[in-house]
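Chemist: In case it helps, the working numbering puts the sequence shown at residues 1 to 215.
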Amino acid sequence: MSRIARIFKELMHHLPYSAAGVAAAVGIILAIQKMGGQENPENYFHIAHPLHIFLSATVTAAMFWKYDRNIVKTVLIAFLGTLPICVISDIFIPYFGGLILKTPAEFHICLIEEPWLVYPACFLGLLAGVFLLKIVERLTEFGHFSHVLVSSLASLLYLVSFDLLLWEGTIWLAFVITLLAVWIPCCLSDIVFPLVFAKGGMPHAPCCGHHPHEI
């Protein structure tokens with residue numbers, strides 16, 4: 001199977017998991033609002049975004065380390081495969097989605113404005129991915145599912161932080177925007193990016209119930 005065909009197959013396989021993660025995130029946001037947490041939703045975003053970066057770095061580093069035990073390359077792949085993609089997933093796509101929904105969106109990049117939230121989370125995730133891979137069974141599968149859920153939450157929090165009444169009549173559109181913000185970026189970060197650059201090439205990715213070919 002060609003790399004392009006394999007990437008497409010992985011993207012389609014992970015679509016239901018991404019949709020489930022977004023649905024769960026919608027439920028969490030609604031629960032937060034019901035409990036009176038709608039005052040400053042951006043505060044919740046600043047919790048979800050670093051957690052998303054941590055989980056993304058964990059899975060990306062673990063996936064690459066599984067096939068290529070080069071620590072320098074692992075560090076580069078973890079940072080390059082996590083930070084830009086998390087910014088796209090959590091900020092860029094929700095921002096432009098907010099423009100489509102005509103919300104008072106503001107462009108805010110934590111990578112630049114709050115680096116103390118971002119870089120330590122990425123570094124700790126890198127360490128977790130490398131050192132926990134031998135200890136935690138199926139780390140990449142569990143990590144990817146958690147990554148999708150938290151990514152959905154972060155993207156949705158960024159989107160609704162500009163308009164707390166977003167749910168009234170446009171929740172389905174918010175769902176679609178968040179799904180797009182999560183589905184492809186998370187798969188690129190967790191699966192495609194590390195495996196394309198690993199020495200082992202592009203074997204079948206061990207994720208979300210898939211069993212890898214052992215190496």
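We put the beta carbon where it would ideally sit given N, CA and C, even for glycine.
#1: Identify whether Val196 lies in helix, strand or coil by the three-state DSSP scheme.
#2: Where does Asn43 sit, in a helix, a strand or coil, going by DSSP?
#3: Looking at C-alpha atoms only, which residue of Leu156, Val192, Leu188 is the closest neighbour of Ala48?
#4: Which first and last residues belong to the alpha helix (DSSP H) in which Ile112 is found?
#5: Once DSSP output is grouped into helix, strand and coil, what is the label at Asp90?
#6: Of the choices Phe45, His46, Leu76, whose alpha-carbon is the least far from that of Thr60?
#7: What separation, rounded to the nearest whole angstrom, lies between the Cα atoms of Val26 and Trp172?
#8: Could you compute how far the alpha carbon of Pro185 sits from the alpha carbon of His147?
#9: Rank Leu153, Gly98, Lys9, Ala19 by C-alpha distance to the C-alpha of Trp183 and give the top, closest one.
#10: Would you say Phe107 and Tyr95 are within 7 Å of each other, going by their C-beta atoms?
#11: Tell me which residues share the same chain as Ile71 and place their Cβ nearer than 8 Å to its Cβ, disregarding the 5 neighbours each side in the sequence.
#12: On the DSSP letters alone, give me the boundaries of the alpha helix (DSSP H) that Phe79 sits inside.
#13: Assign Pro203 to one of three DSSP states: helix, strand, or coil.
#14: Just checking my contact of Cys110 with Leu83 at CB under 8 Å: how many whole Å lie between their CB atoms?
#15: For Phe197, which option in Asn43, Phe64, Thr58, Phe8 has the closest C-alpha, if you only look at C-alpha atoms?
#16: Leaving out five residues before and five after Ala216 in sequence, what residues of the same chain have Cβ atoms less than 6 Å from its Cβ?
#17: Would Tyr17 be called buried (16 or more neighbouring beta carbons within 10 Å of its own) or exposed?
#18: Under a three-way DSSP split, which group does Thr60 fall into?
#19: Out of curiosity, what's the CA-to-CA distance linking Met12 and Pro120?
#20: For the ligand FMN, any of its heavy atoms closer than 6 Å to the Cβ of Thr60?
#21: Check the Cβ-Cβ distances between Gly27 and every residue of chain D, and say whether any is below 7 Å.
Modeler: This is what the structure gives:
#1: Along the sequence shown, one-based indexing puts residue 196 at 196. Of the three classes helix, strand and coil, the one that applies to Val196 here is helix, per DSSP.
#2: For this step, residue 43 is matched to residue 43 along the sequence shown. Three-state DSSP puts Asn43 in a helix.
#3: The count along the sequence shown starts at 1 and reaches residue 48 at position 48. Closest option to Ala48, Cα to Cα, is Leu156.
#4: Counting from 1 along the sequence shown, the entry for residue 112 is found at position 112. Unbroken alpha helix (DSSP H) run through Ile112: 110-113.
#5: One-based indexing of the sequence shown puts residue 90 at position 90. Helix at Asp90.
#6: Along the sequence shown, one-based indexing puts residue 60 at 60. Closest by alpha carbon: Leu76.
#7: Along the sequence shown, one-based indexing puts residue 26 at 26. Along the sequence shown, one-based indexing puts residue 172 at 172. About 10 Å.
#8: By 1-based counting over the sequence shown, the position of residue 185 is 185. By 1-based counting over the sequence shown, the position of residue 147 is 147. Cα-Cα distance, rounded: 11 Å.
#9: Position 183 of the sequence shown, counting from 1, holds the residue named residue 183. Among Leu153, Gly98, Lys9, Ala19, the Cα nearest to that of Trp183 belongs to Ala19.
#10: Here residue 107 corresponds to residue number 107 of the sequence shown, with the count starting at 1. Here residue 95 corresponds to residue number 95 of the sequence shown, with the count starting at 1. It is a contact, given that the beta carbons lie within the stated cut-off.
#11: Counted from its first residue, the sequence shown places residue 71 at position 71. Val130.
#12: Start at 1 with the first residue of the sequence shown, and residue 79 comes out as number 79. It spans 71-80 - the alpha helix (DSSP H) in which Phe79 sits, taken as one unbroken run.
#13: Counting from one through the sequence shown, the residue named residue 203 turns up at place 203. With a pLDDT of only 45 at Pro203, under the threshold of 50, the placement of this residue in the model should not be trusted; the figure read from the coordinates follows. In this structure, Pro203 counts as coil in the three-state DSSP scheme.
#14: As a first step, residue 110 must be located in the sequence shown, where it is residue number 110. As a first step, residue 83 must be located in the sequence shown, where it is residue number 83. Not a contact, Cβ separation roughly 10 Å.
#15: Taking the sequence shown and counting its residues from 1, the one referred to as residue 197 is at position 197. Among Asn43, Phe64, Thr58, Phe8, the Cα nearest to that of Phe197 is on Phe64.
#16: Only positions 1 to 215 of the chain appear in this structure, which leaves residue 216 out of reach.
#17: Counted from its first residue, the sequence shown places residue 17 at position 17. When all chains shown are included, Tyr17 counts as buried.
#18: Position 60 of the sequence shown holds residue 60. Under the three-state reduction of DSSP, Thr60 is assigned to helix.
#19: Within the sequence shown, the letter at position 12 stands for residue 12. Within the sequence shown, the letter at position 120 stands for residue 120. If you take the alpha carbons of Met12 and Pro120, they lie about 32 Å apart.
#20: Because no ligand of any kind appears in the structure shown, any question about the ligand FMN cannot be addressed here.
#21: Any reference to chain D falls outside this structure, which holds one protein chain only.
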